[in-house]
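Notes follow the structure.
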Amino acid sequence: MDLIGQWLGYPAPLDRILSIIGIELHWIILQYVLGLPLFIILSLLLYARRRDEKWNEMARTMTKALGIIFAVGAASGTLSEFGLVLIWPNLLEAAGRYIFFPLYAEIFAFLIEITFIYFLVFGWKKIGVRGRLILAFLALIGAWLSGALIMSVNSYMVAPTGIQASYDPMSGWKYDKGYPKVLLVVPKEIVSVLDVNKLLSLGMEVLGERNEGVAVLLPSKIVSKLASESWSNVRVGDSVLSLVIKEEALGSVKDLLVKDIVDKILTNTVKSVGYTMVTFLSPVYAGSILHALGAAITVTGFTIFGGYSLLLLRSRSDKKKVYYVSGMKLGIFLGLIFIAVQGLVFGHIIGTEIASYNPEKLAAMEGTSKGIFSFSRSLGIERIMSFIAYGSFEAKLPDYDSIPQDYCTLAGAALDCRPPLMLHYLYYFKTGLSVLLGLYALISAILVMRGSLSPALLKINILTPIVAHIISFLGWAVREMGRKPWSIYGIMTVDVAHTANPGDPLSYGLIALIVISVALALILAVWKLLYVPSVREV
Amino acid sequence: MIPQVYFIALVFGIHIVAVNLGIALSTIIPLLKRKADLTRNERLDGIAKGIFRIYAAIYGIAGVMGTAFTVFLLSFYPEFIGIAGNITLLPFGIAILSILVHFLAIVLYYYGWDSFPRWAHLSSGILLAITAYTIPLGFRLVFAFLNTPAGLKIDGKPYIDAFEALANPTFAPLYLKSIFGAITFGSLFISALSAYRIARERSEESSQIYSTSLRIAVIGTFIMLILGPWYSMSLISTPMKFNNIFRSFGWGLGGVETVDMSWLFLIKIILIAVQIYAILRLMFGNVNFKLSALATTSAAFTILTGEYLNMFSQYPYFLANLPIVADKIPEPWRTVLGRALYLENVSPLANDPTLLSITALGIAILLAAIGYFIYETLIKEE
Chain D
80 MDLIGQWLGY PAPLDRILSI IGIELHWIIL QYVLGLPLFI ILSLLLYARR
130 RDEKWNEMAR TMTKALGIIF AVGAASGTLS EFGLVLIWPN LLEAAGRYIF
180 FPLYAEIFAF LIEITFIYFL VFGWKKIGVR GRLILAFLAL IGAWLSGALI
230 MSVNSYMVAP TGIQASYDPM SGWKYDKGYP KVLLVVPKEI VSVLDVNKLL
280 SLGMEVLGER NEGVAVLLPS KIVSKLASES WSNVRVGDSV LSLVIKEEAL
330 GSVKDLLVKD IVDKILTNTV KSVGYTMVTF LSPVYAGSIL HALGAAITVT
380 GFTIFGGYSL LLLRSRSDKK KVYYVSGMKL GIFLGLIFIA VQGLVFGHII
430 GTEIASYNPE KLAAMEGTSK GIFSFSRSLG IERIMSFIAY GSFEAKLPDY
480 DSIPQDYCTL AGAALDCRPP LMLHYLYYFK TGLSVLLGLY ALISAILVMR
530 GSLSPALLKI NILTPIVAHI ISFLGWAVRE MGRKPWSIYG IMTVDVAHTA
580 NPGDPLSYGL IALIVISVAL ALILAVWKLL YVPSVREV
Chain E
496 MIPQVYFIAL VFGIHIVAVN LGIALSTIIP LLKRKADLTR NERLDGIAKG
546 IFRIYAAIYG IAGVMGTAFT VFLLSFYPEF IGIAGNITLL PFGIAILSIL
596 VHFLAIVLYY YGWDSFPRWA HLSSGILLAI TAYTIPLGFR LVFAFLNTPA
646 GLKIDGKPYI DAFEALANPT FAPLYLKSIF GAITFGSLFI SALSAYRIAR
696 ERSEESSQIY STSLRIAVIG TFIMLILGPW YSMSLISTPM KFNNIFRSFG
746 WGLGGVETVD MSWLFLIKII LIAVQIYAIL RLMFGNVNFK LSALATTSAA
796 FTILTGEYLN MFSQYPYFLA NLPIVADKIP EPWRTVLGRA LYLENVSPLA
846 NDPTLLSITA LGIAILLAAI GYFIYETLIK EE
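Top line first, the protein sequences correspond to chains D and E.
One point on numbering: in this note's numbering, the residue at position 311 of the first sequence is 390, and numbering is uninterrupted.
One point on numbering: in this note's numbering, the residue at position 307 of the second sequence is 802, and numbering is uninterrupted.
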């Protein structure tokens with residue numbers, strides 16, 4: 080099977096690749112904005128407790144780094160924000176209309192971040208350790224609040240609040256019953272013109288009255304068709320809606336835009352849940368935010384570990400060596416703790432959430448297709464995996480080959496609705512790499528404690544931040560690529576989210592080249608301006 | 496006018512004044528640094544670096560307010576963002592990439608001040624200056640489009656013909672007016688800064704910077720006296736906007752008129768007069784910090800009122816010529832664009848009074864934080 084061809088076969092491949100480049104650049108930076116405040120607080124606490132100047136110096140160095148990184152993150156955030164508007168304008172319009180609150184509130188979280196990070200940077204010499212601790216704590220609150228708000232929007236895209244998945248681990252796929260289904264609260268004036276019996280025969284389930292409307296579960300293939308018609312400016316008379324509108328009512332509504340009807344239903348649905356809460360109630364939110372924060376702290380920990388290993392390798396001053404070893408200890412212990420927690424706790428939480436709410440993605444992750452070589456099948460761990468995912472050895476992993484290619488669309492099989500199977504290799508590569516890094520961290524922690532720091536070990540340590548970044552990237556790749564062909568699972572596919580006027584390959588190539596060049600130039604600048612002077616000092 | 500427009504206007508106003516100052520400082524700082532390098536003048540080098548620190552703070556303020564502006568637009572007017580995103584890849588693309596490269600240039604220029612080879616530092620300075628002009632190039636193309644939609648085609652879907660968009664009658668005067676307005680304001684800002692330094696400790700470098708920046712401000716003001724009327728005349732292509740500004744003075748074009756903004760135009764003229772008065776007195780008098788500050792403040796408010804005049808005079812439309820071009824737009828786009836480009840069509844979920852109250856409180860805190868930030872970075876250390 081042509082795995083890359085399958086992934087490229089979904090709509091807008093170049094736009095997706097460009098988005099990956101832009102957002103990954105932003106994520107690389109954000110991990111430090113999320114992680115560094117915690118390490119600064121820990122260093123300051125150690126300084127407050129032991130009065131050992133090296134912890135204060137370490138906190139100061141990390142604060143300087145945070146100041147630079149935050150500024151770069153603000154610029155890459157602007158790039159990502161505008162990039163999303165230009166490449167996925169219809170998705171952004173939908174987000175701005177129905178799940179805008181976290182994006183709106185994020186501006187105030189951003190304000191908290193910028194205020195306290197720069198007060199910490201510029202006010203360092205003017206305040207005592209308690210003041211620094213308070214500022215660092217507030218900077219942490221701002222950064223984590225910002226992350227929590229943005230992750231809620233992303234979680235909603237992965238599993239919208241009220242989504243009913245298409246899989247039962249005991250009985251199998253439920254596509255024949257119209258699943259996956261989306262929760263909608265249809266206003267009563269719209270219900271009055273709909274032929275409810277026809278909708279029931281198409282798989283709609285009525286849940287009862289709520290917020291001046293009727294709560295229903297509507298098959299996602301109908302919802303995605305309505306989303307597609309909404310952003311194509313189709314009128315009701317030319318829409319699938321005309322098939323489920325009472326004959327006597329059709330005359331009065333046929334000239335309305337489908338978008339107006341859909342807007343009324345979605346607005347009422349969001350109101351019934353609460354517009355401030357709708358994204359936070361996504362069933363995958365808890366696992367998502369924990370896993371994202373865990374990844375950020377892990378990457379930051381290994382970066383500190385790798386950075387101080389590099390300095391120790393070059394150092395000739397005994398006093399400095401003690402300082403660098405302390406930095407290595409701080410980095411490796413937190414790195415080790417968090418990579419373990421990520422795998423055993425946070426990863427498990429998000430894994431079970433995905434199993435329950437994105438079963439197609441789990442099928443691709445576990446490679447349950449007979450068309451590919453599957454690690455879980457070859458290793459004979461399928462039952463263990465189903466126990467981990469569903470808490471029962473009797474449960475079955477979802478079978479990829481049984482997913483109908485057209486389950487997401489009413490238009491037939493023009494769009495492959497199944498997630499890309501390359502996910503299996505990305506996921507297992509990520510998991511394998513995580514286990515290796517975790518084991519290496521355990522061995523390193525023991526060796527650091529014993530003081531056995533050979534140059535060869537220090538050289539390998541320098542590679543650990545890169546490995547941690549690769550794992551983090553692969554995690555996001557599984558999450559985002561695994562949602563394809565959906566942009567918002569069960570509601571909007573990528574072809575609907577996509578711009579009507581995409582750029583040509585040459586201009587996209589040029590943009591990608593500029594973005595990558597800027598990233599490389601920044602890395603070079605950090606190397607020249609932060610690392611080289613440090614080495615001169617040692 | 497609806498409250499959402501005031502929120503947007505507030506953050507946009509602060510953003511645009513900061514951006515204008517940034518354009519000028521991005522030009523002047525590399526020139527000062529180059530002069531310091533060539534003459535091996537360490538004091539001048541120190542002054543240039545001090546001004547660059549101010550620019551870094553200004554850039555931060557512009558960035559925060561710019562982000563707030565786009566988030567408010569997305570939340571209050573998602574349909575407008577949807578339409579804009581679909582058709583403005585080229586102008587916004589130019590602006591975004593320029594922002595990214597400009598930021599890189601700031602980092603390289605600041606951190607490479609004493610550590611880069613001279614040619615490398617100069618190169619990053621040139622990059623800093625060039626991108627300061629390409630950022631507004633993209634944004635002003637969009638602003639000109641929002642005056643009159645030159646280049647808009649609808650062939651099953653809306654798109655923009657880039658060459659026709661560049662020939663928009665309001666684009667060239669709007670862009671040039673922005674650039675020269677920014678340089679004038681920035682020069683006055685530097686002259687005020689130098690006057691302050693001179694008042695504390697007279698130095699040859701500060702005196703030279705003061706007189707040179709004042710001369711540039713005089714030339715800039717003179718050019719603005721030509722560009723301002725040019726832009727006003729170009730607004731004949733957007734009669735509603737022209738009428739809203741000038742009809743009360745008896746210069747109406749006939750046709751649509753929505754809000755009388757002549758009072759704001761009058762305020763702008765008074766501010767220009769104050770600016771000219773202060774500059775003339777400075778030219779023919781001694782170094783005077785208070786007068787320099789007056790000239791700078793009036794220039795800043797001239798920019799602010801100019802932007803507000805441009806913005807409010809097309810109320811209640813995002814696209815000033817919408818009432819004129821609507822008939823030529825085929826359905827269903829006429830309906831879709833008609834409401835997406837209508838400023839009173841706020842997204843229903845974002846029309847919550849509690850949300851607006853909390854936003855007002857948040858903005859107040861944001862402004863207080865910026866005030867403190869300015870005090871810490873610009874006043875306290877200077």
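Glycine residues also receive a C-beta, built at the ideal position from the N, C-alpha and C atoms.
At the C-beta level, E:P573 and D:R176 come within 8 angstroms of one another.
By the Cβ rule, the stretch 356 to 366 of chain D counts as touching the stretch 430 to 442 of chain D, because three or more pairs are nearer than 8 angstroms. For D:G292, the uninterrupted beta strand (DSSP E) segment begins and ends at 292 to 298. Each residue's CA atom was taken as its position, placing D:L390 and D:T140 some 13 angstroms apart. The stretch 782 to 796 of chain E makes no contact with the stretch 725 to 737 of chain E; the number of CB pairs closer than 8 angstroms stays below 3. D:G330 and D:V315 have their C-alpha atoms spaced approximately 10 angstroms apart. Among the bridge pairs identified by DSSP, D:Q243 is matched with D:K260. With a threshold of 16 other beta carbon atoms within 10 Å, D:D255 falls short and is exposed.
Looking at the DSSP output, D:W252 sits in a beta bridge with D:Y246.
Around the CB of D:N540, 16 or more other CB atoms lie within 10 Å, so the residue is classed as buried.
Taking 8 angstroms as the CB threshold, D:E172 lines the interface with chain E. Judged by beta-carbon spacing, D:L113 lies within the 8 angstroms limit of D:G226, meaning their Cβ atoms are closer than that value.
For D:L389, the uninterrupted alpha helix (DSSP H) run begins and ends at 364 to 393, by DSSP.
Take the alpha-carbon of E:F587 and the one of E:G749: they are about 34 angstroms apart. For D:T572, the beta-bridge partners assigned by DSSP are D:W565.
With a threshold of 8 angstroms between beta carbons, D:P266 makes no contact with chain E. Cβ-Cβ distances below 7 angstroms link D:S448 to Y479, D480, L500 in the same chain, with the five nearest sequence neighbours on each side left out; the list follows chain order.
Assignment of E:I589 by DSSP, reduced to helix, strand and coil, places it in the helix class. Taken in chain order, the members of the stretch 558 to 586 of chain D whose beta-carbon sits within less than 8 angstroms of a beta-carbon on chain E are T578, A579, N580, P581, G582, S586.
Between D:Y177 and chain E, the shortest Cβ-Cβ separation is below 8 angstroms.
Under a 10 Å Cβ-count criterion, E:S708 is classified as buried, with 16 or more other Cβ atoms of the shown protein chains found around its own Cβ. Its chain contains no residue whose beta carbon lies nearer than 6 angstroms to that of D:T194 once the 5 sequence neighbours on both sides are disregarded.
Separation of the CB atoms of D:V378 and D:P544 is rounded to 7 angstroms, and the pair is thereby assigned contact status at 8 angstroms. Here the alpha carbon of E:I556 sits roughly 16 angstroms from the alpha carbon of D:F201.
Within a 10 Å sphere around the beta-carbon of E:Q499 sit 16 or more other beta-carbons, which makes this residue buried. For a Cβ distance threshold of 8 angstroms, residue set L165, G582, S586, I590 of chain D lies close to E:G588, ordered along the chain.
Look at D:T346: its C-beta is under 8 angstroms from a C-beta on chain E. Non-local beta-carbon contacts of E:L632 in its own chain, meaning distances under 7 angstroms to residues more than five positions away in sequence, involve I589, Y670 in chain order.
At least one CB of chain D lies nearer than 8 angstroms to the CB of E:V831. Chain-order list of chain E residues neighbouring D:I593: L592, L595, V596, by C-beta distance under 9 angstroms. Assignment of D:E445 by DSSP, reduced to helix, strand and coil, places it in the coil class. Excluding its 5 nearest sequence neighbours in each direction, E:G607 has C-beta neighbours in its own chain below 8 angstroms: A615, H616, S619, listed in chain order. Per DSSP, reduced to three states, the secondary structure at D:I482 is coil, with no helix or strand assignment. From the beta-carbon of E:P573, the residues of chain D found nearer than 9 angstroms are L171, E172, A173, A174, G175, R176, Y177, F179. Residue state for D:V597 is assigned as helix, using DSSP reduced to three classes. Note on geometry: alpha-carbon atoms of D:L536 and E:Y604 lie some 37 angstroms from one another.
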